[in-house]
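The block underneath contains the structure these notes are about, expressed in structure tokens.
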Amino acid sequence: MLQIAVPKESAAHENRVALSPVATSQLIKNEHKVLIEKGAGEASNFLDQDYTDAGATIAKNRKDLFSQADLVLAVQTPSDDDLSLMKKGSTLICFLWALQHPELVKKLISLGITALGMDAIPRISRAQNMDALSSMSSIAGYKSALMAASELDKYFPMMMTAAGTIPPSKALIMGAGVAGLQAIATCRKLGAVVEAYDVRPAVKEQVESLGANFVEVPLEEVSTETKGGYAKELSNDAQERQRQIMHEHVKKSDVVITTALVPGKPAPLLITEEMVADMQAGSVIIDLAAENGGNCALTKAGKTIIKHGVKIVGPINIPSQLSSHASLLYAKNMLALLKLLIKDGELEFDMDDEIILNTTITKDGEIISPIMQTN
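Residue numbers for the sequence shown follow my numbering, beginning at 516 and rising by one.
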């Protein structure tokens, strides 16, 4: 039997919680003890009473919560102070972003904490129900379309009125991964005319199946996606060719939603200031890569600015804005991983399993994941 702790998230802009009451009840049915910090789920509209009804214990003391736990489940990485409270040999599962935070990895090793990154789960079919990045990206894509419609001073759909016909707005989605595809689908549902671009030609069929036009940019790159299905960073020459062609599409768009990210690296620059200057006044850019440096040269994370008459929105932690459903999905991803990880009531690390090997960042004072060892 494991003692599982779920802290209240302390990071700024974070409203999610690692376990929902439903997920909590499933762990308790498996005879684990679950401690939930007081108020941990309130920002997601899960009350303490909901957790106690599910069989959990509410912990009022954060120090005891961390120090007594065999397993800590979180959304964001706990603070250094919280990590220092964890006992040696205990396990942490959360979004770690270990490639971007090597100092965190060193600290986890020094403290003897076994750490698994929800962001490091491999993109293979067997791991789909654990893929928290995809779950959260889908929410971000959906919300980005709603934000664009709210910020734009035009209708999205074509409107036929007594005063005349209003043409539909034109939306361009740059990056057709999970977030981009959801943004396409939502913009289409709202009535916009949508086109989309991605460096991976393989996504063309998915884009067109959602009713959008796929913008083709001929590239000489042999491969434009990683083994895990993510977009690769293009060469400087390829990026320049990409920007030249996309300039014309950006210029005629009322809304541009950018979603391009490269794992472990700053977000690629897709929209230059020159492109923004050529857009119509009143146009809107929603930059989902704002936290990683932004896909637009003018993006400021956490702020909305107007430059050259164009509104540029750099949202932070969009999934947290839909915290109830985001927490439900994240908890389901977490349960799926725990089902693989827990055997006979205890944590068992089978490093022959591709999912466990890639997801486990640190264990027994060592770096485990090959993702870390090759970077």
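Ideal Cβ placement from N, Cα and C applies to all residues, glycine included.
From a predicted model like this one, the values you see are computed outputs, not experimental measurements.
Considering Cα atoms alone, identify which of the options is closest to residue i.
i, options, result
"Q643", "E881, M849 and E861", "M849"
"N560", "A700, A711, L550 and K523", "K523"
"N810", "S540, K822, T787 and M794", "T787"
"K704", "L661, Q754 and D668", "L661"
"E861", "D597, Q757 and N545", "N545"
"A533", "F729, K603 and C609", "C609"
"D568", "K658, G706, P536 and G692", "P536"
"D668", "V770, S582, M516 and S884", "V770"
"M601", "A677, P617, G570 and Q583", "Q583"
"P716", "A753, E881 and F729", "F729"
"S798", "L687, G570 and D634", "L687"
"H823", "E789, K847 and S724", "E789"
"A812", "R758, K854 and D859", "R758"
Using the Cα positions of residue i and residue j, report the straight-line distance between them to the nearest angstrom.
i, j, result
"G679", "A664", "21 Å"
"A613", "G632", "8 Å"
"A555", "A727", "40 Å"
"P733", "K553", "55 Å"
"D585", "A775", "37 Å"
"P682", "E763", "20 Å"
"A526", "Q795", "37 Å"
"S838", "A558", "7 Å"
"I654", "Q615", "23 Å"
"Q564", "L542", "17 Å"
"D868", "V722", "33 Å"
"V825", "I772", "13 Å"
"N807", "S599", "27 Å"
"G656", "I699", "8 Å"
"A576", "M674", "As written in the sequence, residue 576 is Asn, which differs from the Ala given in the question. Cα-Cα distance, rounded: 56 Å."
"T592", "L611", "6 Å"
"I760", "I882", "42 Å"
Cutting at 7 Å between CB atoms, please list the residues of its own chain near residue i, excluding the five before and the five after it.
i, result
"T814", "D802, A805, I827 and G829"
"S835", "H528, E529, N530, R531 and A841"
"I831", "H528, A805, E806, A816 and G817"
"V891", "Any question about residue 891 goes unanswered here, given that the chain covers just 516 to 890."
Buried or exposed for residue i, please, with buried defined as at least 16 other CB atoms from any protein chain shown within 10 angstroms of its CB.
i, result
"L580", "buried"
"E710", "buried"
"I820", "exposed"
"K621", "exposed"
"I873", "One detail in the question is off: residue 873 reads as Asn in this sequence, not Ile. Result: buried."
"Q697", "buried"
"K780", "exposed"
"K685", "buried"
"T701", "buried"
"N751", "exposed"
"K603", "exposed"
"S724", "exposed"
"K658", "buried"
"R625", "Sequence check: residue 625 is Ser here, not Arg. Under this definition S625 is an exposed residue."
Just to confirm my understanding: we take residue i, look at its own chain, exclude 5 residues before and 5 after, and list those with CB closer than 8 Å. What are they?
i, result
"V737", "Bear in mind that the predicted position of V737 carries a pLDDT of just 49, short of 50, making it unreliable; the figure below should be weighed with that in mind. For V737, where only same-chain residues beyond five positions count, there are no Cβ hits under 8 Å."
"D793", "H762, V765 and K766"
"F864", "T629, L856, I871, T875 and K878"
"Y466", "This structure cannot settle anything about residue 466, because the visible part of the chain is limited to 516 through 890."
"S594", "S525"
"L562", "G556"
Ignore the nearest five residues each way along the sequence and tell me which others in residue i's own chain have a CB closer than 6 Å to its CB.
i, result
"D646", "I636"
"V587", "A520 and L607"
"L852", "M645"
"K548", "Q518"
"A846", "L534, S535 and A538"
"S652", "V693 and A694"
So, is the C-beta of residue i closer than 7 Å to a C-beta in chain C?
i, result
"Q643", "Chain labels in this structure do not include chain C; a single protein chain is all it has."
Ordered list of beta strand (DSSP E) runs contained in the segment 658-734, each at least 3 residues = Correct list: 674-676, 679-681, 685-689 and 708-712.
inquiry  = Suppose only complete runs of 4+ residues qualify. What are the alpha helix (DSSP H) ranges in the segment 736-812, listed by chain order?
reply    = The segment 736-812 is shown to contain whole alpha helix (DSSP H) runs of 4 or more residues at 751-766 and 788-793, in chain order.
key: Any beta strand (DSSP E) of 3 or more consecutive residues that is wholly inside the segment 618-656   = As far as the segment 618-656 is concerned, its whole beta strand (DSSP E) runs of at least 3 residues are 629-632.
message = As an exercise, report each continuous beta strand (DSSP E) stretch of at least 3 residues that is fully enclosed by the segment 803-867, in chain order.
response = 819-822 and 825-828, all fully within the segment 803-867.
request  = Tell me the start and end of each unbroken alpha helix (DSSP H) in the segment 537-574 that is at least 4 residues and wholly inside, in chain order.
outcome  = Within the segment 537-574, the complete alpha helix (DSSP H) runs of at least 4 residues are 563-568.
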